[in-house]
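Residue numbers (the numbering used here): 984 to 1259. The C-beta atom is built at its ideal place from N, Cα and C for all residues, glycine as well. Every value quoted in this text rests on a predicted model; they were computed, and no experiment measured them. Here's the structure we're looking at; comments come further down.
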């Protein structure tokens, strides 16, 4: 049983979740020090076992054997829904392949809550988890999103981010995606909950001057609709790149086609790197 747990407000643990955790023979959790206080608040005395990214692969076989013997296991993460940027995927896949029943108790999720509060189009959306921590890898990941958008993807983007990397992440998002509408959800469901909305440029400027704290979810609007087709953009960039630098070519084509310069620059980078 996959059981969602609160992302900040302990009152968000549902009665059904409490029952599932109480009835389980064992609760698998990322950190017993995080889960134990939650269980104590509800008088749950079920045995805990640590289960995280570093031991998931080694422990999965023995856990499958326990379930085959009739033991009832509940899986929780430190906060939110298991598997969503948290451990559990290998165990769930192994249980399905073994013909075991897998169920879930729904509950709090930071990505969905931030999406709902962002004021941006709620569907379709693309949840990307955490972006890479290093700038070069982060920009490469964002450029792959841009490539997918050029292939037809149009979706609101949702990311998790560490507070100490938020300012740099916003700068990279601005450079690669352009100045799109966005929202930063911070400390969702907690006492100091905040949702700051605005363009990526304004958000990047704010968090460059104000250090972010707490759990962060970043929501970014879909790529803007343009009047020029992808083929027209690529053709114009191809001609410009043959005689100009990437920056100059992007600025020239953006003016000619009346497109956002940062969007054109991101496409120019993709073309120069050989991306489709």
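| Going by C-alpha distance, which of 1150, 1230, 1217 and 1184 is nearest residue 1193? | Walking along the chain shown from the start, residue 1193 turns up at place 210. Nearest to residue 1193 by C-alpha distance, out of 1150, 1230, 1217 and 1184, is 1150.
| task | Measure the CB-CB distance between residue 1252 and residue 1224 and report whether it falls below 8 Å. | result | By one-based count along the chain shown, residue 1252 stands at place 269. By one-based count along the chain shown, residue 1224 stands at place 241. Against a cut-off of 8 Å, the Cβ pair of residue 1224 and residue 1252 comes out as no contact.
| Which runs of the alpha helix (DSSP H), 4 residues or longer, sit entirely within the segment 1096-1166? | Listed in chain order, they are 1118-1133 and 1149-1160.
| task | For the beta strand (DSSP E) holding residue 1043, just list the boundary residues, first then last. | result | Counting from one through the chain shown, the residue named residue 1043 turns up at place 60. Element bounds for residue 1043: not the beta strand (DSSP E) but the alpha helix (DSSP H), 1039-1051.
| said: By the three-class DSSP mapping on this structure, what secondary structure does residue 1200 have? | reply: Translated into the one-based positions of the chain shown, residue 1200 becomes position 217. Strand, per DSSP.
| task | Give the single residue among 1198, 1237 and 1208 whose Cα lies nearest to the Cα of residue 1217. | result | Here residue 1217 is taken as the residue at index 234 of the chain shown, counted from 1. The shortest Cα separation from residue 1217 among 1198, 1237 and 1208 belongs to 1237.
| message | Beta-carbon within less than 6 Å of residue 1087's beta-carbon, same chain only, minus the 5 sequence neighbours each way: which residues are those? | response | Residue mapping note: residue 1087 aligns to position 104 of the chain shown, counting from 1. 985, listed in sequence order.
| Which residue from 1034, 1256, 1135 and 1022 puts its Cα closest to that of residue 1107? | Taking the first residue of the chain shown as 1, we reach residue 1107 at position 124. That would be 1135, whose Cα lies nearest to the Cα of residue 1107.
| query | Could you give the distance in angstroms between the alpha-carbon of residue 1170 and the alpha-carbon of residue 1200? | reply | The residue labelled residue 1170 in the question sits at position 187 within the chain shown. The residue labelled residue 1200 in the question sits at position 217 within the chain shown. A straight line joining the alpha-carbon of residue 1170 with that of residue 1200 spans about 9 Å.
| field | Endpoints, the alpha helix (DSSP H) within which residue 1075 is located | value | Within the chain shown, numbered from 1, the residue matching residue 1075 stands at position 92. For residue 1075, the enclosing alpha helix (DSSP H) stretches over residues 1072-1080.
| task | Have a look at residue 1109 and residue 1142 and give me their C-alpha separation to the nearest angstrom. | result | Here residue 1109 is taken as the residue at index 126 of the chain shown, counted from 1. Here residue 1142 is taken as the residue at index 159 of the chain shown, counted from 1. CA-CA distance, residue 1109 to residue 1142, rounds to 9 Å.
| Whose C-beta lies closer than 6 Å to the C-beta of residue 1206 among residues of the same chain, with five residues either side of it excluded? | The count along the chain shown starts at 1 and reaches residue 1206 at position 223. Taken in chain order, the residues that qualify are 1132.
| query | If you draw a straight line from the C-alpha of residue 1139 to the C-alpha of residue 1053, how long is it? | reply | In the chain shown, counting from the first residue as 1, residue 1139 sits at position 156. In the chain shown, counting from the first residue as 1, residue 1053 sits at position 70. One Cα belongs to residue 1139, the other to residue 1053, and the distance between them is close to 42 Å.
| query | Under three-state DSSP, which class holds residue 986? | reply | In the chain shown, the residue the question calls residue 986 occupies position 3. Three-state DSSP puts residue 986 in a strand.
| task | Look at the alpha carbon of residue 1204 and the alpha carbon of residue 1196, and state the distance between them as a whole number of angstroms. | result | For the purposes of this step, residue 1204 is identified with residue 221 of the chain shown, where counting begins at 1. For the purposes of this step, residue 1196 is identified with residue 213 of the chain shown, where counting begins at 1. CA-CA distance, residue 1204 to residue 1196, rounds to 23 Å.
| query | Which of helix, strand or coil does DSSP assign to residue 1230? | reply | The residue given as residue 1230 occupies position 247 in the chain shown. DSSP places residue 1230 in helix when its eight states are reduced to three.
| message | If I follow the unbroken beta strand (DSSP E) through residue 1182, where does it start and stop? | response | Counted from its first residue, the chain shown places residue 1182 at position 199. If you look at residue 1182, you'll find it in the beta strand (DSSP E) that goes 1177-1182.
| beta strand (DSSP E) segment containing residue 1056, residue limits | For the purposes of this step, residue 1056 is identified with residue 73 of the chain shown, where counting begins at 1. From DSSP, the beta strand (DSSP E) with residue 1056 extends over 1056-1058.
| message | If you follow the alpha helix (DSSP H) that residue 1021 is in, where does it begin and where does it stop? | response | By one-based count along the chain shown, residue 1021 stands at place 38. Unbroken alpha helix (DSSP H) run through residue 1021: 1015-1024.
| In or out: residue 1015 buried (at least 16 other Cβ within 10 Å) or exposed? | The count along the chain shown starts at 1 and reaches residue 1015 at position 32. Counting every other CB atom within 10 Å of its CB across the protein chains shown gives residue 1015 a total below 16, marking it as exposed.
| task | Using three-state DSSP, classify residue 1168 as helix, strand or coil. | result | On the chain shown, position 185 is the one that residue 1168 refers to. Strand at residue 1168.
| field | CA-to-CA distance, residue 1093 to residue 1202, given in whole angstroms | value | If you number the chain shown from 1, residue 1202 lands on position 219. If you number the chain shown from 1, residue 1093 lands on position 110. Near 11 Å, if we compare the C-alpha coordinates of residue 1093 and residue 1202.
| query | Considering only the beta carbon of each residue, do residue 1001 and residue 1061 sit closer than 8 Å? | reply | Walking along the chain shown from the start, residue 1001 turns up at place 18. Walking along the chain shown from the start, residue 1061 turns up at place 78. No, Cβ-Cβ distance for residue 1001 and residue 1061 is not below 8 Å.
| task | Would you check if the distance between the CB atom of residue 1126 and the CB atom of residue 1249 is smaller than 8 Å? | result | By 1-based counting over the chain shown, the position of residue 1126 is 143. By 1-based counting over the chain shown, the position of residue 1249 is 266. Against a cut-off of 8 Å, the Cβ pair of residue 1249 and residue 1126 comes out as a contact.
| field | Alpha-carbon to alpha-carbon, residue 1155 and residue 1120 | value | As a first step, residue 1120 is located in the chain shown; it is residue number 137 there, counting from the start. As a first step, residue 1155 is located in the chain shown; it is residue number 172 there, counting from the start. Looking at the two C-alpha atoms, the distance is approximately 10 Å.
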